[in-house]
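S.K.:
Pasting the structure below:
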């Protein structure tokens, strides 16, 4: 919505933008934890509170600075890339075991969602103005669209289930698929049917592109539930293995003293028997000599 406001600064677009701010704030507040690491070099990402302050400062300054659409998208993309990098660091194959592929698919879907968001923002600008203001904006749209599609398709290589989840979600809004595809092709051709721009068409694009992104988010949630289930099963397996090892170790602790005692007793008996044989041998030897 920032892209729509920057493209067409009006009271209506300002209201639409303000309506989106609480959703972002709630999403940040609902994060279960905030990473703490020496690798976080940007001060605004040190804590949740600092990031929200950084985000709000940017919002308040939006009317004061004459930002371009590209600059506005870049601001949010830079922030999102930090979160994606945290996700990359959290997914380590040696620590993820059998759920590694599902985790990578989850990560790819998040990356695809980010580039779909860029496509949505640039498309909003296109319809609000009636064209792309610069060639860079057009190329950025094409790049975002292509990377989003390729990244999402790559998630299918790691989890066919994720792709099936997305298709099922999207089919619930099958009526928008064809119109949206036409609009995506129209933007890609850089030829709008309304050369003067239309806030209504920009809103329609935004709202229906959001359906695509909501389908991705629903897929993320379902896949996260599946990953949580796999991790729980893996944790239960590990727990059973630990219990089995403890039982075996306990049995060994119980049997080991018995074995030592038995060996000691057997050794003592052998020693006693050896002494007895030696004494008898001496007795026989003396009787033979005398």
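Residue numbers (the working numbering): 9 to 298.
Note that beta-carbon positions come from the ideal geometry of N, C-alpha and C, so glycine has one too.
Does residue 79 pass the burial test, meaning 16 or more other C-beta atoms within 10 Å, or should it be called exposed?
M.R.: Taking the chain shown and counting its residues from 1, one reaches residue 79 at position 71. Looking at its Cβ environment, which holds fewer than 16 other Cβ atoms inside 10 Å, residue 79 is exposed.
S.K.: Residue 110: buried (16+ other C-beta within 10 angstroms of its C-beta) or exposed?
M.R.: Within the chain shown, numbered from 1, the residue matching residue 110 stands at position 102. Residue 110 is buried by the Cβ-count criterion.
S.K.: Once the 5 residues before and after residue 123 are set aside, which same chain residues still bring their CB inside 7 Å of it?
M.R.: Translated into positions along the chain shown, residue 123 becomes position 115. Closer than 7 Å at the Cβ level, and outside the excluded window around residue 123, lie 152, 155, 156 and 159.
S.K.: In the DSSP assignment, the alpha helix (DSSP H) including residue 128 goes from what residue to what residue?
M.R.: For the purposes of this step, residue 128 is identified with residue 120 of the chain shown, where counting begins at 1. From DSSP, the alpha helix (DSSP H) with residue 128 extends over 108-137.
S.K.: Output yes if chain D places a C-beta closer than 8 Å to the C-beta of residue 218; else output no.
M.R.: In the displayed structure, chain D is absent; only one protein chain is listed.
S.K.: Just verifying my parser: in three-state terms, what is the DSSP assignment at residue 140?
M.R.: Position 132 of the chain shown, counting from 1, holds the residue named residue 140. Looking at residue 140 - three-state DSSP - the assignment turns out to be coil, as it is neither helix nor strand.
S.K.: What residues in its chain sit with their C-beta under 8 Å from that of residue 235, if we drop five residues either side in the sequence?
M.R.: Stepping through the chain shown from its first residue, residue 235 is reached at position 227. Only 107, 110, 111 and 114 meet the Cβ criterion.
S.K.: Is it buried or exposed for residue 224, if we count other Cβ within 10 angstroms and need 16 for buried?
M.R.: To locate residue 224, count along the chain shown from 1; it is residue 216. Per the 10 Å Cβ criterion, buried.
S.K.: Determine the contact status of residue 227 and residue 170, defining contact as a CB-CB distance below 8 Å.
M.R.: As a working mapping, residue 227 is identified with position 219 in the chain shown. As a working mapping, residue 170 is identified with position 162 in the chain shown. Yes, they are a contact pair.
S.K.: What is the rounded straight-line gap between the Cα of residue 165 and the Cα of residue 92?
M.R.: Looking up residue 165 in the chain shown gives position 157. Looking up residue 92 in the chain shown gives position 84. C-alpha separation (whole angstroms): 20 Å.
S.K.: Does the pairing of the region 190-210 with the region 138-147 give three or more beta-carbon distances under 8 Å?
M.R.: Cβ pair count under 8 Å is three or more, so yes.
S.K.: Whole-angstrom Cβ separation of residue 184 and residue 219, contact assumed at under 8 Å?
M.R.: By 1-based counting over the chain shown, the position of residue 184 is 176. By 1-based counting over the chain shown, the position of residue 219 is 211. Right, their Cβ atoms sit about 6 Å apart.
S.K.: Assuming residue 8 contacts residue 59 (C-beta within less than 8 Å), just tell me the rounded distance between them.
M.R.: Summary: the structure shown does not reach residue 8, with the chain confined to residues 9 through 298, and so no result is reported for it.
S.K.: Tell me whether residue 42 sits in a helix, a strand or coil according to DSSP, three-state version.
M.R.: One-based indexing of the chain shown puts residue 42 at position 34. DSSP places residue 42 in coil when its eight states are reduced to three.
S.K.: Check each candidate in 216, 162 and 129 and name the one with the smallest Cα separation from residue 186.
M.R.: Within the chain shown, residue 186 is the residue found at index 178, counting from 1. For the residues 216, 162 and 129, the minimum Cα distance to residue 186 belongs to 216.
S.K.: Suppose the cutoff is 6 Å on Cβ atoms and the five residues either side in sequence are ignored; what does the same chain contact list for residue 204 look like?
M.R.: In the chain shown, the residue the question calls residue 204 occupies position 196. Excluding positions up to five away in sequence, the list reads 138.
S.K.: Using only alpha-carbon positions, find the residue among 29, 39, 30 and 89 that is nearest to residue 50.
M.R.: The residue you call residue 50 lines up with position 42 of the chain shown. Here the closest residue by C-alpha is 89.
S.K.: Work out the CA separation of residue 254 and residue 3 for me, nearest whole Å.
M.R.: In the structure as shown, the chain begins at 9 and stops at 298. Residue 3 is therefore absent and cannot be evaluated.
S.K.: Identify whether residue 279 lies in helix, strand or coil by the three-state DSSP scheme.
M.R.: By one-based count along the chain shown, residue 279 stands at place 271. Note: residue 279 maps to helix in three-state DSSP.
S.K.: With a 10 Å radius around its C-beta and 16 neighbouring C-beta atoms as the bar for buried, classify residue 81 as buried or exposed.
M.R.: To locate residue 81, count along the chain shown from 1; it is residue 73. Classification of residue 81: buried, given that the 10 Å Cβ count is 16 or more.
S.K.: Use the C-beta contact count for residue 163: other C-beta atoms within 10 angstroms, 16 or more gives buried, fewer gives exposed.
M.R.: For the purposes of this step, residue 163 is identified with residue 155 of the chain shown, where counting begins at 1. It is buried - the Cβ of residue 163 has at least 16 other Cβ atoms within 10 Å.
S.K.: Report buried or exposed for residue 167, applying the criterion of at least 16 other Cβ atoms within 10 angstroms of its Cβ.
M.R.: Position 159 of the chain shown, counted from the start, is the residue given in the question as residue 167. It counts as buried.
S.K.: If you drop the 5 nearest sequence neighbours on each side, which residues of the same chain put their C-beta closer than 8 Å to that of residue 299?
M.R.: This structure cannot speak to residue 299, because the chain is shown only from 9 to 298.
S.K.: Could you check where the alpha helix (DSSP H) with residue 189 kicks off and where it finishes?
M.R.: Here residue 189 refers to the residue found at position 181 when the chain shown is read from its first residue. Residue 189 -> alpha helix (DSSP H) spans 185-197.
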